[in-house]
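Colleague: One structure follows; several queries about it will come next.
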Amino acid sequence: MRSALKALAALLLGMLLMLLAAEFAMQLLPVVTGRIRAQDESRWPLHNYEPHTPYTYSFGWDLRNVQSGRVNNFGQLAPFDFAPGRALLAVIGDSYVESAMNPYQDTLQAQLAARLGRSDAAIGLAGSGLSLADYVALAGQAHEELAPKALVVVVIDADITESLVRRRGWHHLEPSRGAGTPDLTYLPLRQGDGGAASGKLFRSSLYRYLRRNLGWTPPTWDSLTAGLHRATPQPVAPASRTGVDAMLPVLDTLLDELLRRSAVPAGCVALLVDSDRPALYGRPPTKPVDAPELRSALIQRATMRGMGVVDLAPRFEAHHRHHGRQFDHSPVDRHWNALGHSVAAEAAQDALRGCPALAPLKANGGNGSFR
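What follows is the structure, encoded as structure tokens:
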């Protein structure tokens with residue numbers, strides 16, 4: 397019995413020493429750190445992360461695309477602070493716009509700012525995991541605090557569908573009672589002191605490597621019960637009306653609320669709709685979350701409202717046909733690289749040529765123009 401206890405103690409001690417060695421090693425490597433959601437959720441996602449905090453980004457087990465910087469005063473990834481009235485153009489989107497995996501000068505917003513002639517003439521307002529419903533809320537918050545005169549909204553696959561999903565820490569459209577339009581609703585991320593233990597664990601480099609580089613998620617009671625539910629045969633639900641026609645009111649609400657909350661004229665709003673780029677490189681096409689018909693309906697209904705809409709698929713296809721280059725970090729990461737952001741910037745410029753707010757900026761210290 398005593399020998400067994402000694403063996404167990406030796407085993408536990410060995411495991412502890414291995415964990416300590418792994419923790420020490422990870423502290424020497426560029427493991428993902430920082431970019432922690434702001435404690436005050438009342439102005440999220442405009443105020444996204446804890447302001448003025450350093451961050452390091454890397455991707456995957458081998459720590460690719462290392463970038464580091466400092467979050468600005470609005471909790472956004474930019475090498476300068478934002479000030480009301482300075483930015484004429486706001487670029488809104490999810491992690492594609494946030495672009496933590498690229499140097500700032502390669503981003504869509506930085507390239508547009510360079511075309512406008514002033515480094516803060518265009519800014520990015522973004523956050524990983526946002527949906528079209530979050531973009532609507534973000535556009536309204538930006539109008540209240542920064543007052544941009546023009547918008548570029550980057551829409552990727554799943555942005556429409558996720559706008560209807562109740563996710564803790566994100567906005568969604570909540571069906572209204574009666575025949576009214578859906579309401580934009582935010583479910584708070586934190587409740588009470590929930591997440592305190594997880595916050596302390598994030599001080600560990602090894603834990604951050606597992607969670608944020610490898611994407612491991614520790615099991616919870618909800619995830620375990622959900623897995624059991626999926627493993628249990630469920631009765632087949634009767635067919636329901638879920639096609640594109642049923643989603644048209646959702647699209648109308650999202651687009652109308654985007655214009656109303658942002659207070660930006662439709663002619664000064666550009667909608668850039670991303671495409672399935674891996675198919676260009678000879679890889680199997682990706683099954684979309686948002687049906688192609690739904691994507692087409694979004695383009696059509698935004699165009700009907702006078703927005704400048706660009707389907708990026710033909711642009712990526714034409715460029716790839718002539719130059720054969722990739723627009724992203726695939727196959728390990730589908731986010732745009734510098735070239736992808738450049739193609740998007742050219743598309744945004746074309747879509748906003750008629751916007752009077754983006755006239756020459758010489759009076760404001762710049763020397764650029766979209767005209």
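The end of the sequence shown is residue 767 by my numbering, with every number in the run present. Virtual Cβ for every residue (Gly too), placed ideally from N, Cα, C.
In the structure shown, what three-state DSSP assignment does residue 461 receive?
Modeller: In the structure shown, residue 461 falls within a strand segment according to DSSP collapsed to helix, strand and coil.
Colleague: Measuring alpha carbon to alpha carbon, tell me which residue in 426, 600, 505 is nearest residue 666.
Modeller: Residue 505 is the option with its Cα nearest to residue 666.
Colleague: Between the beta-carbon of residue 428 and the beta-carbon of residue 453, is there less than 9 Å?
Modeller: yes
Colleague: If we ignore side chains and look at the alpha-carbon of each, how far apart do residue 563 and residue 530 end up?
Modeller: 11 Å
Colleague: Among 569, 698, 726, 744, whose alpha-carbon lies nearest the alpha-carbon of residue 678?
Modeller: 726
Colleague: State the DSSP-derived secondary structure class of residue 635, mapped to helix, strand or coil.
Modeller: At residue 635 the pLDDT is 37, less than 50, meaning the model places this residue with poor confidence; the figure from the coordinates comes in the next sentence. It is coil, neither helix nor strand.
Colleague: Any chance the region 648 to 664 sits against the region 521 to 538, with 3 or more Cβ pairs inside 8 Å?
Modeller: Touching, yes, given that three or more Cβ pairs across the two stretches are closer than 8 Å.
Colleague: If you draw a straight line from the C-alpha of residue 501 to the C-alpha of residue 507, how long is it?
Modeller: 7 Å
Colleague: Distance check for residue 556 and residue 686, CA to CA, integer angstroms please.
Modeller: 7 Å
Colleague: In chain order, what are the residue ranges of uninterrupted beta strand (DSSP E) at least 3 long that sit wholly in the region 506 to 549?
Modeller: Here the runs fully enclosed are 518 to 522.
Colleague: Please check the pair residue 721 and residue 735, which I expect to be a contact at CB under 8 Å, by giving their CB distance rounded to whole angstroms.
Modeller: With a contact defined as Cβ atoms closer than 8 Å, residue 721 and residue 735 qualify at about 6 Å.
Colleague: Between the C-alpha atoms of residue 416 and residue 424, what's the straight-line distance to the nearest angstrom?
Modeller: 13 Å
Colleague: Counting Cβ pairs closer than 8 Å, one from the region 505 to 524 and one from the region 467 to 487, do we hit at least three?
Modeller: yes
Colleague: Beta carbon of residue 670, beta carbon of residue 548: below 9 Å?
Modeller: No, Cβ-Cβ distance for residue 670 and residue 548 is not below 9 Å.
Colleague: Given a threshold of 16 other Cβ atoms within 10 Å of its Cβ, counted over all protein chains shown, does residue 398 qualify as buried or as exposed?
Modeller: exposed
Colleague: Suppose you measure from the CA of residue 590 to the CA of residue 456; what does that come to, to the nearest Å?
Modeller: Confidence in residue 590 is poor, its pLDDT being 47 and thus under 50, which makes the residue's placement too unreliable to answer from.
Colleague: Rounded to whole angstroms, what is the Cα-Cα separation between residue 625 and residue 554?
Modeller: Caution applies to residue 625, whose pLDDT of 48 falls short of 50 and renders its modelled position unreliable; the value that the coordinates give is listed next. A straight line joining the alpha-carbon of residue 625 with that of residue 554 spans about 24 Å.
Colleague: Looking only at its chain, what residues have a beta carbon closer than 7 Å to the beta carbon of residue 581, apart from the 5 residues adjacent to it on each side?
Modeller: 567, 568, 570
Colleague: Rounded to the nearest angstrom, what separates residue 627 and residue 661 at their Cα positions?
Modeller: Model confidence at residue 627 stands at a pLDDT of 47, short of 50, so the residue's coordinates are unreliable and nothing is read from them.
Colleague: Comparing C-alpha positions only, which one of 673, 437, 490, 496 sits nearest to residue 584?
Modeller: Cα-wise, what sits closest to residue 584 is 437.
Colleague: So what does DSSP say about residue 344, is it helix, strand or coil?
Modeller: Coverage of the chain is limited to positions 397 through 767, which leaves residue 344 absent and any answer about it impossible.
Colleague: Is the CB-CB distance between residue 643 and residue 693 below 9 Å?
Modeller: yes
Colleague: Give the straight-line distance between the Cα atoms of residue 613 and residue 600, rounded to the nearest whole angstrom.
Modeller: 15 Å
Colleague: Sorted by chain position, which residues of the same chain lie with C-beta nearer than 6 Å to residue 597's C-beta, five sequence neighbours on each side aside?
Modeller: 603
Colleague: Mind checking which residues open and close the beta strand (DSSP E) that includes residue 567?
Modeller: Note, residue 567: beta strand (DSSP E), 567 to 570.
Colleague: Measuring straight from C-alpha to C-alpha, what distance separates residue 755 and residue 513?
Modeller: Each residue's alpha carbon lies about 11 Å from the other.
Colleague: Need the endpoints of the beta strand (DSSP E) that residue 730 sits in, please.
Modeller: 729 to 732
Colleague: Here's the rule: buried if 16 or more other CB atoms are within 10 angstroms of the residue's CB, otherwise exposed. What is residue 464?
Modeller: exposed
Colleague: With burial defined as no fewer than 16 other Cβ atoms inside 10 Å of the residue's Cβ, what is the status of residue 641: buried or exposed?
Modeller: In summary, residue 641 is exposed, with fewer than 16 beta-carbon neighbours lying within 10 Å of its beta-carbon over all protein chains present.
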